[in-house]
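*Asks:*
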Amino acid sequence: MRTHQAMAGLPPELLTAGANEDDYKQAMDRLQAAAQDLRDAAHALAQDKASDHRNESMKPINKALLDTQQTMIDAYMASGK
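Heads up: the sequence shown is residues 125 to 205, going by this note's numbering.
Here it is, written out as structure tokens:
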């Protein structure tokens with residue numbers, strides 16, 4: 125949520141200032157790779173025996189994934205692509 129809020133608070137010109145298409149693509153690729161790592165961790169945790177602790181641990185992971193995806197959408201929309 126903090127990442128999403130920080131990105132949402134930036135003026136659009138700062139999101140793309142000094143960035144070229146390759147820089148933008150590399151940044152998005154890294155963000156997608158990080159999101160995939162987070163998904164993989166969530167899936168590994170989900171394989172553990174069901175417990176209240178496991179279920180509670182999954183909540184912030186799922187929230188982080190949603191925030192990451194929303195940030196990627198917001199960055200794309202702000203870039204005017």
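Think of the CB as a built atom: it goes at the ideal place given N, C-alpha and C, for glycine as much as any other residue.
Roughly how far, in whole angstroms, is the beta-carbon of Ile-185 from the beta-carbon of Ala-166, given that I think they are within contact range, below 8 Å?
*Replies:* 4 Å
*Asks:* What does a CB cutoff of less than 7 Å around Ser-181 pick up in its chain, not counting 5 residues either side in sequence?
*Replies:* Cβ within range, chain order: Leu-169.
*Asks:* Among Gln-156, Ala-151 and Ala-202, which one has its Cα closest to the Cα of Leu-189?
*Replies:* Gln-156
*Asks:* Would you tell me roughly how many angstroms separate the C-alpha atoms of Lys-173 and Ser-203, rounded to the nearest one?
*Replies:* When only Cα atoms are considered, Lys-173 and Ser-203 end up about 43 Å apart.
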